[in-house]
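Peer 1: If you're matching them up, the sequences are chains D and Z in order. Numbering-wise (numbering that gives the first Met the number 0), the first sequence opens with residue 0 and increments by one. Numbering-wise (numbering that gives the first Met the number 0), the second sequence opens with residue 0 and increments by one. We treat Cβ as the ideally placed atom computed from N, Cα and C, and that holds for glycine.
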Amino acid sequence: MIRVFKAMLIDSLRYLRSRYLFWIVLALSALVAVALFATYSFTPDGIQILWFSPIDNEALAEGSMGKEIFLKGLFNSYFVKIWLGWGAMILALISTASLIPDFISDGAVEINLSKPIRRPTLFLMKFVCGLLFVLLQLTIGIGLAYLIIGVRFDLWLHSSLLAIPLLTLQFLYLYAIAAIISVLTRSTIASLLGTIFLWFIIFLIQFVSNSIQLGYESQVAQVELNQTRIAELESTLAETQREPNTSERVKQGVWETNLEQSEKLADSMYPWVRNAALVELFIPKTGDLQKYLASVSNAPVANEFMGLFMDVSNDEFRPADISKEDMQDANSSETAARKAVRDVSILESILTSLGAVGILLFLATWRFSKRDF
Amino acid sequence: MNTTVDLTGVEKIYRGKTHALRGVDLQIHPGEVFGLLGPNGAGKSTLVKILMTVISPTKCQGTMLGKPIGDKGTLAKVGYLPEHHRFPTYLKGKQVLDFFGAMAGVSKKDRRARSSKLLDLVGMSDSANMKIGRYSKGMKQRIGIAQALMNDPQFIVLDEPTDGVDPVGRKDIREILLQLKAEGRTVFLNSHLLSELELVCDRVAIMVKGKVRQQGTIDELTKDTRRYEIQLHKPSDLSKASASIQRQLNIGDVGMDQESRTLYLPTTDPAAIQSAIDLLRSSGETIQTIHQHRSSLEDLFMVAVSGVQGGATPGADRPNKGGSQ
């Protein structure tokens with residue numbers, strides 16, 4: 000059995016090597032890694048892109064915390080999420096879409112099935128071989144980015160290497176969909192379009208679920224913020240043994256109103272959060288893997304990343320009727336909410352996703368085993 | 000007698016509608032070259048695919064190499080070249096042999112040894128490093144045959160092995176088949192080229208509409224079609240001559256063809272022919288030619304397909320009978 004699997008792996012490798020797209024994706028991954036991590040340097044006053052004049056930015060200056068936040072942000076939000084998670088993933092699907100349809104096409108399937116290997120074993124081996132494309136691409140692409148960041152900036156983002164197995168897992172989710180469509184239709188085009196369509200549906204479900212959860216977590220953060228403010232004021236008053244003055248009374252009133260509104264909103268949103276989570280239970284959760292990766296590598300959320308380039312609480316960006324303190328609080332609430340959303344239970348997510356994938360694979364294997372070719 | 004393949008009552012109904020096989024009984028003996036003939040849609044490929052576990056039968060009793068049909072382990076001893084096969088075009092010839100050899104469970108050492116030997120056998124050593132995508136149809140067939148032999152099989156199933164191969168290539172393939180037979184292997188050939196089959200097959204089966212109509216050695220199948228044909232020069236009365244021979248020699252129905260002035264004597268006995276010659280000469284007839292006739296495989300095929308004797312044996316007035324069915 001090992002001999003057969005080894006032969007199939009080597010065959011898949013030869014198949015990939017023969018595909019121009021394999022080399023194109025590889026070159027693009029290298030190009031994106033170089034563009035994102037090797038085209039600038041940090042100076043004592045900020046950042047310099049290529050040979051252009053340095054841009055002064057204290058947050059990004061050499062030795063600042065901003066440098067690490069910037070690199071982690073670029074790695075997670077752009078390299079992993081946009082390029083590898085979407086771009087390379089779609090190209091990988093295009094490259095591997097014909098693998099199973101070719102395997103079971105007329106003239107090929109007869110030879111494959113006439114070998115002394117049970118059909119389920121044969122099919123599952125072919126499926127695993129299909130993951131080879133992404134595994135190779137990810138290992139080379141992420142490995143290159145890891146090395147460039149490490150060597151150029153002396154910042155070794157070990158947790159970024161987790162992207163290799165996690166994104167391979169993401170591809171496995173999608174490839175299981177491709178596999179069952181391939182077995183049912185024996186068509187490369189149907190397999191590719193069907194997978195992309197279902198992936199889009201999965202994305203929509205997760206997007207809606209995320210939005211609901213973000214709205215809920217924002218209200219929870221608001222509740223916590225207002226509770227903290229009220230508690231702090233009460234503590235100050237208790238320490239100083241005095242009654243609140245007019246300004247403090249107004250503020251306390253506003254905070255209590257906000258607290259009440261946020262609690263009501265959070266309560267009303269909770270059933271939606273629960274229902275969205277219930278729907279997500281039955282789909283392969285591709286987005287959770289990237290959320291977990293961002294969480295485990297402590298990558299900045301969107302507003303933290305943007306905070307490197309502009310202070311949203313300063314007068315330039317802040318609406319006139321909102322105080323600087325309120326703006327900062329709102330910003331920190333949003334950060335807390337975004338972090339809460341990406342704080343997924345990875346084990347539960349992977350297990351339930353694998354459950355869905357397992358059902359798809361079982362059906363595909365069963366159909367392959369029973370079908371007359 | 001041991002059999003390599005022994006099938007009884009094999010049936011296949013596709014999706015409850017198309018009755019592809021209607022109870023096929025077939026025996027293939029060890030060490031023989033067995034040919035399966037039949038028109039398009041007769042069910043030949045379905046039968047082969049059942050043997051190779053590519054499709055599952057609706058009903059099947061039988062064995063291949065002593066194991067029930069469908070046993071995957073048995074396939075380690077079986078080589079198969081399907082009709083219209085498609086090898087991965089990104090592989091080189093020798094990589095095809097190596098890959099499918101490994102799939103059949105052959106060790107790396109044996110694969111290396113066998114692939115160079117087989118490339119020689121099929122005359123593809125010079126093209127072994129060329130990609131399949133650049134091969135001609137004939138080259139693909141040759142590599143396909145080599146692929147089918149990679150696991151050193153006891154039983155080899157070749158579906159249209161000479162399809163697309165030029166006459167020289169066909170001769171080469173014939174020689175390979177005879178060599179395989181000489182090595183004691185059993186070969187199952189499925190082909191449309193009847194003359195090819197006649198040259199190499201020990202036994203044949205003719206399949207029509209999902210049933211085996213005739214099965215046996217070519218001698219057995221043509222036994223009842225053997226006869227002497229006597230062509231007369233300007234006969235006075237062919238009918239009278241025919242009736243006279245039939246009456247006096249008691250050799251059964253003597254046929255005739257007025258146009259070619261030929262009498263058909265249903266006997267293989269040379270002595271009976273001497274008497275017929277004497278009789279014709281004594282009645283003043285001039286004999287132009289005498290020859291012994293035996294139906295070809297093509298004749299048998301046409302009879303089985305059409306249900307009547309005709310085509311290549313004009314004037315013959317009774318249908319052939321099979322040797323064993």
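According to DSSP, is residue 291(D) helix, strand or coil?
Peer 2: Counted from its first residue, the first sequence places residue 291(D) at position 292. Residue 291(D) falls in the helix class under three-state DSSP.
Peer 1: Counting along the chain, where does the alpha helix (DSSP H) carrying residue 10(Z) start and finish?
Peer 2: Start at 1 with the first residue of the second sequence, and residue 10(Z) comes out as number 11. First-last for residue 10(Z): 4-13, but that is the beta strand (DSSP E), not the alpha helix (DSSP H).
Peer 1: Can you list, in chain order, the residues of its chain with a C-beta nearer than 6 Å to that of residue 288(Z)? Leave out the 5 residues immediately preceding and following it.
Peer 2: Counting from 1 along the second sequence, the entry for residue 288(Z) is found at position 289. Taken in chain order, the residues that qualify are 230.
Peer 1: Measuring CB to CB, does residue 113(D) end up less than 7 Å from residue 51(Z)?
Peer 2: Along the first sequence, one-based indexing puts residue 113(D) at 114. Along the second sequence, one-based indexing puts residue 51(Z) at 52. Yes, the pair counts as a contact, with Cβ atoms nearer than the cut-off.
Peer 1: Whose CA, out of 17(Z), 26(Z), 14(Z) and 31(Z), lies closest to the CA of residue 8(Z)?
Peer 2: Position 9 of the second sequence, counted from the first residue, corresponds to residue 8(Z). Cα-wise, what sits closest to residue 8(Z) is 26(Z).
Peer 1: Kindly indicate if chain Z contains any beta-carbon less than 7 Å away from that of residue 14(D).
Peer 2: In the first sequence, the residue the question calls residue 14(D) occupies position 15. Answer yes: the Cβ-Cβ gap between residue 14(D) and chain Z drops below 7 Å somewhere.
Peer 1: Measuring only the C-alpha atoms, how far is residue 249(D) from residue 243(D)?
Peer 2: Reading the first sequence from its first residue, position 250 is the one you call residue 249(D). Reading the first sequence from its first residue, position 244 is the one you call residue 243(D). The straight-line gap from Cα to Cα measures roughly 9 Å.
Peer 1: Just to confirm, are residue 155(D) and residue 173(D) a CB contact at a threshold of 7 Å?
Peer 2: Working through the first sequence from its first residue, we reach residue 155(D) at position 156. Working through the first sequence from its first residue, we reach residue 173(D) at position 174. Result no, Cβ atoms of residue 155(D) and residue 173(D) do not sit closer than 7 Å.
Peer 1: How long is the line joining the alpha carbons of residue 263(D) and residue 104(D), rounded to whole angstroms?
Peer 2: Position 264 of the first sequence, counted from the first residue, corresponds to residue 263(D). Position 105 of the first sequence, counted from the first residue, corresponds to residue 104(D). Approximately 59 Å, taken between the alpha carbons.
Peer 1: Can you check whether the C-beta of residue 366(D) is within less than 7 Å of a C-beta belonging to chain Z?
Peer 2: Working through the first sequence from its first residue, we reach residue 366(D) at position 367. Not closer than 7 Å to any Cβ of chain Z, the Cβ of residue 366(D) fails to qualify, so no.
Peer 1: Suppose contacts are defined by Cβ-Cβ distances below 7 Å. Is residue 234(D) in contact with residue 140(D) by that definition?
Peer 2: Residue 234(D) sits at position 235 when you count from the first residue of the first sequence. Residue 140(D) sits at position 141 when you count from the first residue of the first sequence. No; because the gap between Cβ atoms is not below 7 Å, this pair is not in contact.
Peer 1: If the cut-off is 9 Å on Cβ atoms, which residues from the segment 93-117 of chain D count as contacting chain Z, listed in chain order?
Peer 2: Within the segment 93-117 of chain D, the qualifying residues are 101, 104, 105, 106, 107, 108, 109, 110, 111, 112, 113, 114, 115, 116 and 117.
Peer 1: Identify whether residue 356(D) lies in helix, strand or coil by the three-state DSSP scheme.
Peer 2: Indexing the first sequence from 1 puts residue 356(D) at position 357. In the structure shown, residue 356(D) sits in a helix (DSSP, three-state: H, G or I).
Peer 1: Output needed in chain order: residues of the segment 46-65 of chain Z with a Cβ under 8 Å from some Cβ in chain D.
Peer 2: Cβ contacts with chain D come from 48, 51, 52, 53, 54 and 55.
Peer 1: Do the segment 267-279 of chain D and the segment 321-328 of chain D make contact, defined as three or more Cβ pairs closer than 8 Å?
Peer 2: Touching, no.
Peer 1: Could you compute how far the alpha carbon of residue 185(Z) sits from the alpha carbon of residue 197(Z)?
Peer 2: Here residue 185(Z) corresponds to residue number 186 of the second sequence, with the count starting at 1. Here residue 197(Z) corresponds to residue number 198 of the second sequence, with the count starting at 1. Using only the alpha carbons, I get a separation of about 16 Å.
Peer 1: Name the chain Z residues that come within less than 9 Å of residue 372(D), Cβ to Cβ?
Peer 2: For the purposes of this step, residue 372(D) is taken as the residue at position 373 of the first sequence. Simply 48, 53 and 54.
Peer 1: For residue 109(D), which residues from the same chain have a beta carbon less than 8 Å from its beta carbon, with the 5 sequence-adjacent residues on both sides left out?
Peer 2: Your numbering for residue 109(D) matches position 110 in the first sequence. Cβ within range, chain order: 372.
Peer 1: Quick check on residue 309(D): buried or exposed, where buried means 16 or more other Cβ atoms within 10 Å of its Cβ?
Peer 2: Walking along the first sequence from the start, residue 309(D) turns up at place 310. Answer is exposed; the Cβ neighbour count stays below 16.
Peer 1: Roughly how many angstroms separate the alpha carbons of residue 175(Z) and residue 1(Z), rounded to a whole number?
Peer 2: Taking the first residue of the second sequence as position 1, residue 175(Z) is located at position 176. Taking the first residue of the second sequence as position 1, residue 1(Z) is located at position 2. If I take the Cα positions, the gap works out to 25 Å.
Peer 1: Can you tell me whether residue 72(Z) is buried or exposed? The criterion is at least 16 other CB atoms within 10 Å of its CB, across all chains shown.
Peer 2: Along the second sequence, read from residue 1 onward, the residue named residue 72(Z) stands at position 73. Residue 72(Z) is exposed by the Cβ-count criterion.
Peer 1: In chain Z, which residues lie with their C-beta within 7 Å of the C-beta of residue 17(D)?
Peer 2: As a first step, residue 17(D) is located in the first sequence; it is residue number 18 there, counting from the start. In chain order: 89.
Peer 1: Chain D beta carbons: is any one of them nearer than 7 Å to that of residue 104(Z)?
Peer 2: Residue numbering aside, residue 104(Z) sits at position 105 when the second sequence is read from its first letter. So yes, residue 104(Z) belongs to the interface.
Peer 1: State the Cα-Cα distance for the pair residue 152(D) and residue 72(D), rounded to the nearest angstrom.
Peer 2: What you label residue 152(D) is simply residue 153 of the first sequence in a count that begins at 1. What you label residue 72(D) is simply residue 73 of the first sequence in a count that begins at 1. Going by the C-alpha atoms only, they are around 15 Å apart.
Peer 1: Any beta carbon of chain B sitting closer than 7 Å to that of residue 6(D)?
Peer 2: In summary, chain B is missing from the structure at hand, where the protein chains are D and Z.
Peer 1: Compare the C-beta of residue 2(D) against all C-beta atoms of chain Z and say whether one is closer than 7 Å.
Peer 2: For this step, residue 2(D) is matched to residue 3 along the first sequence. Yes, residue 2(D) counts as interfacial toward chain Z.
Peer 1: From this set, 20(Z), 159(Z) and 258(Z), which residue's C-alpha is nearest residue 144(Z)'s C-alpha?
Peer 2: Residue mapping note: residue 144(Z) aligns to position 145 of the second sequence, counting from 1. Taking only the C-alpha atoms, the option nearest residue 144(Z) is 159(Z).
Peer 1: Give me the Cα-Cα distance between residue 160(D) and residue 154(Z), rounded to the nearest whole angstrom.
Peer 2: Position 161 of the first sequence, counted from the start, is the residue given in the question as residue 160(D). Position 155 of the second sequence, counted from the start, is the residue given in the question as residue 154(Z). Distance between the alpha carbons of residue 160(D) and residue 154(Z): 51 Å.
Peer 1: In the DSSP output, which residue or residues are listed as bridge partners for residue 243(D)?
Peer 2: Stepping through the first sequence from its first residue, residue 243(D) is reached at position 244. Answer by DSSP bridge pairing: none, since residue 243(D) is not bridged.
Peer 1: Kindly indicate which three-state DSSP category residue 157(D) falls into: helix, strand or coil?
Peer 2: Here residue 157(D) corresponds to residue number 158 of the first sequence, with the count starting at 1. Residue 157(D): helix per DSSP, three-state reduction.
Peer 1: Below 8 Å on the Cβ atoms is my contact criterion, and I expect residue 290(D) with residue 341(D) to pass it. Report the Cβ-Cβ distance as a whole number of Å.
Peer 2: In the first sequence, residue 290(D) corresponds to position 291, counting from 1. In the first sequence, residue 341(D) corresponds to position 342, counting from 1. Right, their Cβ atoms sit about 4 Å apart.
Peer 1: Give the DSSP-derived three-state secondary structure of residue 152(Z) in the structure shown.
Peer 2: Your numbering for residue 152(Z) matches position 153 in the second sequence. It is coil, neither helix nor strand.
Peer 1: In three-state terms, what does DSSP make of residue 12(D)?
Peer 2: By one-based count along the first sequence, residue 12(D) stands at place 13. Looking at residue 12(D) - three-state DSSP - the assignment turns out to be helix.
Peer 1: If you run the structure through DSSP and keep just helix, strand and coil, what is residue 184(D)?
Peer 2: For the purposes of this step, residue 184(D) is taken as residue 185 along the first sequence, with counting starting at 1. Three-state DSSP puts residue 184(D) in a helix.
Peer 1: When the Cα of residue 373(D) is compared with those of 163(D), 183(D), 301(D) and 50(D), which residue comes out closest?
Peer 2: Any property of residue 373(D) remains undetermined from this structure, which presents chain D solely from 0 to 372.
Peer 1: Under a Cβ-count criterion, where at least 16 other Cβ atoms within 10 Å of its own Cβ denotes burial, should residue 310(Z) be classed as buried or exposed?
Peer 2: For the purposes of this step, residue 310(Z) is identified with residue 311 of the second sequence, where counting begins at 1. Confidence at residue 310(Z) is low in this model, with a pLDDT of 38, below 50, so the placement of that residue is unreliable and no value is reported for it.
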